[in-house]
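Chains as they are written, first to last, in our numbering: chain A, 9 to 241; chain B, 9 to 241.
Comments concern the structure below.
Protein chains: 2
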Amino acid sequence: MRSRGPAATEPRRPLAARLSPERLRLIVITDPGLATPKTVEAVAEQALEAGAPSIQLRDKHQAVGELLPLARRLRDLTRRFDALFFVNDRLDLALAVGADGVHLGPTDLPVSAVRSVVPDDFLIGFSADDPDAAKAAVAEGADYLGCGTVWPTGSKRDAGQVIGIDRLRRVVAAVEAPVVAIGGITPERASLLPPTGTAGAAVIGAVMSAQNPAEAVSILLALLDSERTHNDP
Amino acid sequence: MRSRGPAATEPRRPLAARLSPERLRLIVITDPGLATPKTVEAVAEQALEAGAPSIQLRDKHQAVGELLPLARRLRDLTRRFDALFFVNDRLDLALAVGADGVHLGPTDLPVSAVRSVVPDDFLIGFSADDPDAAKAAVAEGADYLGCGTVWPTGSKRDAGQVIGIDRLRRVVAAVEAPVVAIGGITPERASLLPPTGTAGAAVIGAVMSAQNPAEAVSILLALLDSERTHNDP
Numbered sequence: 009m010r011s012r013g014p015a016a017t018e019p020r021r022p023l024a025a026r027l028s029p030e031r032l033r034l035i036v037i038t039d040p041g042l043a044t045p046k047t048v049e050a051v052a053e054q055a056l057e058a059g060a061p062s063i064q065l066r067d068k069h070q071a072v073g074e075l076l077p078l079a080r081r082l083r084d085l086t087r088r089f090d091a092l093f094f095v096n097d098r099l100d101l102a103l104a105v106g107a108d109g110v111h112l113g114p115t116d117l118p119v120s121a122v123r124s125v126v127p128d129d130f131l132i133g134f135s136a137d138d139p140d141a142a143k144a145a146v147a148e149g150a151d152y153l154g155c156g157t158v159w160p161t162g163s164k165r166d167a168g169q170v171i172g173i174d175r176l177r178r179v180v181a182a183v184e185a186p187v188v189a190i191g192g193i194t195p196e197r198a199s200l201l202p203p204t205g206t207a208g209a210a211v212i213g214a215v216m217s218a219q220n221p222a223e224a225v226s227i228l229l230a231l232l233d234s235e236r237t238h239n240d241p
Numbered sequence: 009m010r011s012r013g014p015a016a017t018e019p020r021r022p023l024a025a026r027l028s029p030e031r032l033r034l035i036v037i038t039d040p041g042l043a044t045p046k047t048v049e050a051v052a053e054q055a056l057e058a059g060a061p062s063i064q065l066r067d068k069h070q071a072v073g074e075l076l077p078l079a080r081r082l083r084d085l086t087r088r089f090d091a092l093f094f095v096n097d098r099l100d101l102a103l104a105v106g107a108d109g110v111h112l113g114p115t116d117l118p119v120s121a122v123r124s125v126v127p128d129d130f131l132i133g134f135s136a137d138d139p140d141a142a143k144a145a146v147a148e149g150a151d152y153l154g155c156g157t158v159w160p161t162g163s164k165r166d167a168g169q170v171i172g173i174d175r176l177r178r179v180v181a182a183v184e185a186p187v188v189a190i191g192g193i194t195p196e197r198a199s200l201l202p203p204t205g206t207a208g209a210a211v212i213g214a215v216m217s218a219q220n221p222a223e224a225v226s227i228l229l230a231l232l233d234s235e236r237t238h239n240d241p
């Protein structure tokens, strides 16, 4: 296999230099259906104005060529607000628009396969719902983990089993990489997250279908910003 | 936008050095449904043994992570037979397995977007059914064109309109890049292709659903190997 990335044995830059956990305090994941009647772009812009540090483009239905214009606009927007921009699943789209990283799930390309073909500073997130999967993903080169479904949710029809906050805590304890909670995050539940040692939360419906996305982001950020128990495994 | 490929102004290697048109004489495109009860891998191996110079992995249904093992096996097989290996649509999968190139259609990432993020020697094919689309794709960096649907076909449910052999001829005349005919290629029709100046044919059903794929490839290669009218626009 032609490898175009760094060999696995080359040292990568220290995590902190690549990815401050602060930038994962809130990842706003897009969903065109939930955003309706607003556009994904309009909601993302309001979220960024309110301080969202990361946006993830997720669309399991549209062809990648049809997603490209939106991906480019979100890349421009996130750059303007100095936010991170991730693309779910489609590494090719992420590379094509110069995204900061890709978020991978169990049916996407494995972390090791992606790590071997992307630049060293390209970020890889991986969805892991148990400590072993989390450790394996980090060993393969994941920079952060999405962990859930923490609470029941209606946003992701393909969401896996609900794992609860105790399992989330165990995943956080298992790895040094930042862990972002996902699944059913409401303001009430967001306030439970800082003591778990998570870096933050990833939300779909809480922002996409909010009457006032900027207000939703402000509230979530405030609740996620409480003093955290640091992840000290 | 971070560009990880060569700048558009850097000269690329001459076409002939990258891609001999002989290697496009026959592109065997995979289809798990049509291959049944055989596996795609078994059919591909028989095709390669019979001399098929190129294989393209195409699967619009499976998740990319689930396709990865097959893609790796096809990459190994094609390397063993010194054949080219292309992946349809999924540039990320193509890069992950070290494929020689990607084949793009109108709803995939545009050629220019892919060209800007891949190595200089990575091949890009594009589906174009008229002279203007063909010229535009070559200007953006396509190395070869798939042109069709030349004849009615049942293999691709998403195949576009039937263009006929006169339009194929006009596309061939419009560009210097090699043009591969696709759509409804049978042995009878294959014999009509060499005088059009096409580099070859891309087939799905003619090999995937053949009782004897090796025999089907041998017959097609013989018919496509007749003396060609060279493309001299």
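Positions of the beta carbon are idealized from the N, C-alpha and C atoms, including for glycine.
- Taking C-beta atoms as the reference points, Ile-212(B) and Ser-163(B) count as a pair closer than 9 Å.
- Ser-124(B) is positioned such that its CB atom lies closer than 9 Å to that of Ala-104(A).
- For Leu-232(B), the secondary structure class from DSSP, reduced to helix, strand or coil, is helix.
- Annotation for Ile-173(B): the continuous alpha helix (DSSP H) segment containing it runs 172-182.
- Where Ser-120(A) is concerned, the enclosing alpha helix (DSSP H) starts and stops at 119-123.
- A distance below 9 Å separates the beta carbons of Val-72(B) and Arg-98(B).
- The beta carbons of Ala-210(A) and Leu-92(A) sit no closer together than 9 Å.
- DSSP, reduced to helix, strand and coil, places Ser-62(A) within a strand of the structure shown.
- At a Cβ-Cβ threshold of 9 Å, Leu-153(A) and Val-170(A) do not count as neighbours.
- Across the structure, Ile-227(B) and Arg-197(B) are spaced so that their CA atoms are roughly 12 Å apart.
- Contact annotation: Ala-181(A) and Pro-139(A) have beta-carbon atoms nearer than 9 Å.
- Listed in chain order, the non-local C-beta contacts of Val-146(A) below 6 Å within the same chain comprise Val-183, Ala-185, local neighbours out to five positions each way being set aside.
- In its chain, beyond the 5 residues on either side, Arg-66, Ser-163, Ile-212, Met-216 have a beta carbon closer than 7 Å to the beta carbon of Asp-39(B).
- In chain A, no part has a C-beta under 9 Å from the C-beta of Thr-47(B); the shortest such distance is about 20 Å.
- Here Arg-31(A) is buried. Its C-beta has 16 or more other C-beta atoms within 10 Å.
- In the DSSP assignment, Ala-210(B) falls within the beta strand (DSSP E) that extends over 208-211.
- Within chain B, the residues whose beta carbon sits less than 9 Å from that of Ala-104(A) are Met-9, Leu-99, Leu-117, Pro-118, Ala-121, Val-122, Ser-124, Val-125, listed in sequence order.
- CA-to-CA, the gap between Ala-60(B) and Arg-83(B) works out to about 14 Å.
- Here the alpha carbon of Asn-220(B) sits roughly 33 Å from the alpha carbon of Pro-114(B).
- Listed along chain A are Asp-97, Thr-115, Asp-116, Leu-117, each with a C-beta nearer than 8 Å to that of Val-72(B).
- For Thr-204(B), the closest of Leu-56(B), Ala-218(B), Ala-230(B), Gly-172(B) by C-alpha to C-alpha distance is Gly-172(B).
- By a beta-carbon distance limit of 8 Å, Gly-192(B) contacts Val-158(B). Their separation comes to about 6 Å.
- Contact between Gly-208(B) and Leu-232(B) holds: CB atoms are separated by about 6 Å, below the 8 Å threshold.
- Val-48(A) and Asp-137(B) have their C-alpha atoms roughly 33 Å apart.
- The C-beta of Leu-76(A) comes closer than 9 Å to at least one C-beta of chain B.
- Under the three-state reduction of DSSP, Ala-52(A) is assigned to helix.
- Glu-57(A) is a Cβ neighbour of Ala-222(A), given a cutoff of 9 Å.
- Under the DSSP assignment, Leu-103(A) falls in the alpha helix (DSSP H) whose first and last residues are 99-104.
- The secondary-structure analysis by DSSP pairs Gly-109(B) across a beta bridge with Phe-94(B), Leu-131(B).
- Where Gly-41(B) is concerned, the enclosing alpha helix (DSSP H) starts and stops at 40-43.
- Residue Gln-70(A) holds the alpha-carbon nearest to the alpha-carbon of Gly-41(A) among Gln-70(A), Ser-62(A), Leu-27(A), Arg-80(A).
- In the DSSP assignment, Ala-79(B) falls outside any beta strand (DSSP E) and within the unbroken alpha helix (DSSP H) covering 72-88.
- Straight-line measurement puts the Cα of Ala-50(A) at about 11 Å from the Cα of Arg-81(A).
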